[in-house]
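The structure appears right after this line, and notes come after that.
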């Protein structure tokens, strides 16, 4: 089996994909997004996600309590939730990498 990766940068509205291919996004609730892979992985991939703050290169970015948490993974999708500095779910831009076997 060959290694494969899918990566992307997604806008907080769930419909903007800043970069990456091989996936679609479904914003299912405030701060909750499902990433659907165009081609499923053979086994569960390893997925890492983090919030991003575009255009803030000359500032300190977001609060360190702003976060993105991967809450579910399967071969054809994963779900991530993003939140604000108060710990509540909030729509945020995020980036991700999913790596596994094809």
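Residue numbers (the UniProt record's numbering): 1 to 102. Virtual Cβ for every residue (Gly too), placed ideally from N, Cα, C.
**Study point:** Rounded separation between residue 77 and residue 87 - CA only
**Key:** Sequence index remark: in the chain shown, residue 77 carries index 77 (1-based). Sequence index remark: in the chain shown, residue 87 carries index 87 (1-based). Going from the Cα of residue 77 to the Cα of residue 87 covers about 24 Å.
Exercise for review: With a 10 Å radius around its C-beta and 16 neighbouring C-beta atoms as the bar for buried, classify residue 28 as buried or exposed.
Suggested key: Taking the chain shown and counting its residues from 1, the one referred to as residue 28 is at position 28. So residue 28 counts as exposed.
Review point. Just the Cα atoms here: how many angstroms apart are residue 83 and residue 3?
Key: Taking the chain shown and counting its residues from 1, the one referred to as residue 83 is at position 83. Taking the chain shown and counting its residues from 1, the one referred to as residue 3 is at position 3. Cα to Cα, the separation comes out at about 31 Å.
Check your understanding: For the candidate residues 18, 14, 47 and 20, whose alpha-carbon lies nearest to that of residue 70?
Key -> Here residue 70 refers to the residue found at position 70 of the chain shown. Out of 18, 14, 47 and 20, 47 has the C-alpha closest to the C-alpha of residue 70.
Check your understanding: Which term fits residue 52, buried or exposed, when burial requires 16 or more other beta carbons within 10 angstroms of its beta carbon?
Key -> One-based indexing of the chain shown puts residue 52 at position 52. When all chains shown are included, residue 52 counts as buried.
Exercise for review: Mark residue 45 as exposed unless 16 or more other C-beta atoms lie within 10 angstroms of its C-beta, in which case mark it buried.
Suggested key: Translated into the one-based positions of the chain shown, residue 45 becomes position 45. Classification of residue 45: buried, given that the 10 Å Cβ count is 16 or more.
Check your understanding: When the Cα of residue 64 is compared with those of 81, 50, 36 and 15, which residue comes out closest?
Key -> Taking the first residue of the chain shown as 1, we reach residue 64 at position 64. The shortest C-alpha separation from residue 64 is found at 50.
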